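I have placed the structure first, in the form of C-alpha cells, so that the comments after it can refer back to it.
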Amino acid sequence: MDLDQWISKVKDGQHLLEDELQLLCEYVKEILIEESNVQPVNSPVTVCGDIHGQFHDLMKLFQTGGHVPETNYIFMGDFVDRGYNSLEVFTILLLLKARKTNVVFDSLGISSTMDVRLKSKVYGFYDECQRKYGNANAWRYCTDVFDYLTLSAIIDGTVNIFHSLLFKYLSPMCLCASWWVLCVHGGLSPDIRTIDQIRVIDRNCEIPHEGPFCDLMWSDPEDIETWAVSPRGAGWLFGSRVTSEFNHINNLDLVCRAHQLVQEGLKYMFQDKGLVTVWSAPNYCYRCGNVASILSFNENMVKEILIEESNVQPVNSPVTVCGDIHGQFHDLMKLFQTGGHVPETNYIFMGDFVDRGYNSLEVFTILLLLKARYPANITLLRGNHESRQLTQVYGFYDECQRKYGNANAWRYCTDVFDYLTLSAIIDGTVLCVHGGLSPDIRTIDQIRVIDRNCEIPHEGPFCDLMWSDPEDIETWAVSPRGAGWLFGSRVTSEFNHINNLDLVCRAHQLVQEGLKYMFQDKGLVTVWSAPNYCYRCGNVASILSFNENMEREVKFFTETEENNQMRGPRTGVPYFL
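Right under this line is the structure:
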C-alpha cells in the first residue's frame, strides 16, 4: 500500500479503487482490534466532534488545528451521513489512521433506533457509495470497520514536578499535576458507574438498541439532576449530579462528547463544567448556520482553562479567600496546612503571587499545577504584580534567570498573567478583587467587558482594580502609589448597594493584624496572607473562609521556621508597590 499516494489522491477529490479501499479497511481493522474500549491517549491532543460527511470542512479543520502527525487527534464519531462526502471523510481518516496511529476514533455515533447499517442506508452514506462506486461493496467494507472502532478514549495530561522544594512538600501521589478527560460520542449510562465497566463491553458488533453500549452512543446531558427518558428513543438524558459523581468516582476532570449540534461550536454543561460538547461540522447540513470547534489539550492547559473564565468569575461557597503571597512559598504551604488542601478546600487567591519573596517561581508553579489539576476548586485573580514591568524590578525576573539560566520561565509565566481573571464573586454577594474600586466602574457588568488579555495599563478601570486602596474618606482621592485611587466609605457603600453586595474582599495592602474591616458598615475587608512580609515586617497572616451559609471564619497563621534561613539584606523598595 502506498498510503502517502492514496492520501494525496483522496485530498485531490479522487476515490480509491474498490480493491484499494478493501485493502485499506482490512489493514485498519488490524490496528483497531488492538485498541482498548477505553483507549489511552497522551496530551497534547486535539478533540473533534461530529463531521457528518463535510469533507471540505474536515480539510479546514486540519488547517485550523494542524496536520497529522504534527497534531494528534481524537475524532468522536459521526464521520458519515447527511453531508455529501461521507466516503471521502471516512477514507481520509482511515488513511491517516493507517499512516500514523496518533489518530483515535471513538465509535461511530448514530441518531435513530435503527441499526447503523440500516441507518446509513437512510441518511446518505449507502446511496453515496452506490453512486460513486456503482455497487454497495465500498459501503460494506466501511461498515465492517465500524464494528472495530473503539468506544471511548481517555486523555492523560501530566506535568511532572522535579523541583526539590516542591518535592519536599508534596506526597508521592501529588508529584505530578494530571488531568483526566474521558472522550465518548454520546454520554453516560445508568449501567456504567466505572470506566472499567466500559472496558468489558463487547464492541465488535452492531450497536444494540439498548444497554450500556447503546447509551454511550446515544445519551445526552440535560439541565436535570439525575436521569430522564431521552426523546431520541435510545440512550438517556443525564444531569449534573450523575456527571459529577461519575467524574468523582473515576477521578476525571472532564467528560468530552459530541452528538449534539451546538450553535456556538462548543458548550460546557453544569456548574462545575464537568462536561463539554464539541461540534466540528460548521453550517451543519449546509443550512444550520452554526460555527464549529475543536478542543486542544496541551502544555498550555492552564491558559485554556483561564481563557474560559469570566472577568467576574462566579464561585460557590464554601470557599476560602487569600491575600498576597509574594513568593513566600513555605508560608503558602503553611496556609494550606491552616485552611485545608485542594480539592477538599476551595480557594480564591487574590493576586500578587510573585515578587519580593525568594520563591516566587515555586509559588506560581504550585498554584498553576493546582489550577490544572483542580480547575473548579481554585480561582486565581490577577494582582498588580502579575505584570511584566513590575516583575523585572521586584525580583521575579531575576529569580527565573538565576534558577533557569535564562528568561524563558519568566516569559512563560508572564504570558499566563494576561489570562488571569480580574475578580470573583461568591454566591453573588461577595466581590473579590486584588486592589479596589474605580471611578469608571459603577456596576459589576462594567468589569465583565474589560479586555483583560494584556499587560496592566497605567490608568483606567483595569488599572484601578489592581491598584486602588480604601481610605478613611468619603469619596475619591489621588493615590500616593501613582496608580489607581483612594476610595472612601460612601463610594464603597454605594457600590455594594447598586450591585447587591454584602462585602468587597481585597488584598494589596499589608495589614499587621492579617485582616482589617473598613468603614462603619464593614462593607470592605482587606486580607493579607504573607506572614512577616519580606521576612522583616513582623505581621501575622490570615485567610477568610465562607461556609455554605456564607458565615465567615478568619484563620490566622505566622511565618514558618524555614524563613529564618532566608534573612538577609533586601533591596530598598517602597512597600506600597
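Residue numbers (my numbering): 78 to 654.
Note that beta-carbon positions come from the ideal geometry of N, C-alpha and C, so glycine has one too.
Computed from a prediction, not measured in an experiment: that's the story for all the values here.
Check	Outcome
Extent of the continuous alpha helix (DSSP H) to which residue 105 belongs	95-109
Residue 457 versus residue 428 - alpha carbon distance	7 Å
Length of the line joining the Cα atoms of residue 433 and residue 226	55 Å
DSSP three-state assignment for residue 369, whether helix, strand or coil	coil
Same chain, Cβ closer than 6 Å to residue 511, neighbours up to 5 away in sequence not counted	427, 428, 458, 460, 543, 584 and 585
Option in 463, 466, 357 and 536 with minimal Cα separation from residue 559	536
Limits of the alpha helix (DSSP H) - the one that residue 540 falls within	538-544
Whole-angstrom C-beta distance between residue 359 and residue 134, which should lie under 8 Å	5 Å
Buried versus exposed, by CB contacts within 10 Å (16 or more), residue 94	exposed
Burial state of residue 689, where buried means 16 or more other Cβ atoms lie within 10 Å	Nothing about residue 689 can be read from this structure; the chain reaches only from 78 to 654.
Cutoff 6 Å; reference residue 581; Cβ partners in own chain excluding five residues on either side	508 and 601
Euclidean distance between Cα positions of residue 125 and residue 463	34 Å
Simplified DSSP state of residue 475, which is helix, strand or coil	helix
Own chain partners of residue 345 with C-beta closer than 6 Å, once the 5 adjacent residues on each side are dropped	353
Other residues of its chain near residue 342: CB distance less than 6 Å, five sequence neighbours each side excluded	356, 368, 369 and 370
Minimum length 3: unbroken beta strand (DSSP E) runs contained in the region 452-514	455-457, 500-503 and 507-510
Segment contact flag, the region 82-97 with the region 317-331, C-beta cutoff 8 Å, min 3 pairs	no
Residue 365 burial status per 10 Å Cβ neighbour count (16 or more: buried)	exposed
Contact set for residue 538: own chain, Cβ-Cβ below 8 Å, skip 5 residues either direction	515, 517, 518, 523, 524 and 527
Spatially closest choice to residue 621 from 494, 555, 632 and 566, by CA coordinates	632
Closest by C-alpha distance to residue 393, when choosing among 443, 423 and 475	423
Residue 601, DSSP secondary structure in three states	strand
Reduced DSSP category for residue 345 - H, G, I as helix; E, B as strand; rest coil	strand
Residue closest to residue 163, alpha-carbon to alpha-carbon, out of 87, 119 and 233	87
Proximity winner among 383, 492, 488 and 405, relative to residue 455 (alpha-carbon distances)	383
Coarse secondary structure for residue 215, derived from DSSP in three states	helix
Proximal residues to residue 436 (C-beta, below 6 Å), its chain only, five neighbours per side dropped	404 and 406
Cβ pair residue 122, residue 151 closer than 7 Å	yes
Rounded straight-line distance, which links the Cα of residue 473 to that of residue 636	21 Å
Buried or exposed by the 16-neighbour rule on C-beta atoms within 10 Å, applied to residue 597	exposed
Best match in 283, 549 and 452 for proximity to residue 595 [C-alpha to C-alpha]	549
Secondary structure of residue 300, DSSP reduced to three states	coil
C-alpha distance - residue 624 paired with residue 201, whole-angstrom precision	56 Å
Cβ-Cβ separation, residue 268 to residue 288 (assumed contact under 8 Å), whole Å	7 Å
C-beta atoms of residue 419 and residue 447 nearer than 7 Å	yes
Assigned secondary structure, residue 225 (DSSP; H/G/I helix, E/B strand, else coil)	coil
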